[in-house]
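Per the working numbering, the sequence shown starts with residue 667, numbered consecutively.
Input: a single structure, listed below in structure tokens.
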Amino acid sequence: MQVYVKGKATWQGLRANILYSGSLTVDEDRLAGMYQYERVLISNVNNGQRFETYLIRESVAQGDMFKRTARRGVVGDKIIILAPALRMKFRKLRTKLCYRMTISR
667 MQVYVKGKAT
677 WQGLRANILY
687 SGSLTVDEDR
697 LAGMYQYERV
707 LISNVNNGQR
717 FETYLIRESV
727 AQGDMFKRTA
737 RRGVVGDKII
747 ILAPALRMKF
757 RKLRTKLCYR
767 MTISR
């Protein structure tokens, strides 16, 4: 198995709300190949913290952090959202054909 990043979004100026029972809302324009309720890795550029959470799709461009994720940053922090994925690593098999020649008399 090989881990790679299938989607990445970066923005600044989030709102934080610790009273809402969600996780992280992302507007549809910034999803970048990510799906609702998908596990993502968040990297806060301002304080260096990294944490995992899940996405909630929003039709309005807001970008809110809720509950425990709201404690990981303050309004105005720049965050990077990474969506990791797994895939099977395929390799081409190179085979050499060997011929054995026998000469008999």
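We treat Cβ as the ideally placed atom computed from N, Cα and C, and that holds for glycine.
All values reported here derive from a predicted model rather than from experimental measurement.
Does the Cβ of residue i have 16 or more other Cβ atoms within 10 Å, making it buried, or fewer, making it exposed?
i, result
"residue 754", "exposed"
"residue 742", "exposed"
With C-beta atoms as the reference, is residue i less than 8 Å away from residue j?
i, j, result
"residue 691", "residue 722", "yes"
"residue 745", "residue 709", "yes"
"residue 712", "residue 673", "no"
"residue 725", "residue 704", "no"
Can you tell me whether residue i is helix, strand or coil according to DSSP?
i, result
"residue 696", "helix"
"residue 709", "strand"
"residue 766", "For residue 766, the predicted structure reports a pLDDT of 49, less than 50, and the residue's modelled location is therefore unreliable. The matter cannot be settled from this model."
"residue 704", "coil"
"residue 737", "coil"
If contacts are defined as beta-carbon pairs under 8 Å, then residue i and residue j qualify, I think. What distance do you get, rounded to the angstrom?
i, j, result
"residue 716", "residue 707", "6 Å"
"residue 749", "residue 714", "The Cβ separation is near 20 Å, so there is no contact."
"residue 752", "residue 671", "Contact doesn't hold; Cβ gap of about 11 Å is too wide."
Beta strand (DSSP E) containing residue i: first to last residue?
i, result
"residue 668", "668 to 678"
"residue 744", "744 to 753"
Kindly examine the ligand FMN and report whether one of its heavy atoms sits closer than 7 Å to the Cβ of residue i.
i, result
"residue 738", "Absent from the structure shown: the ligand FMN. Ligands present: none."
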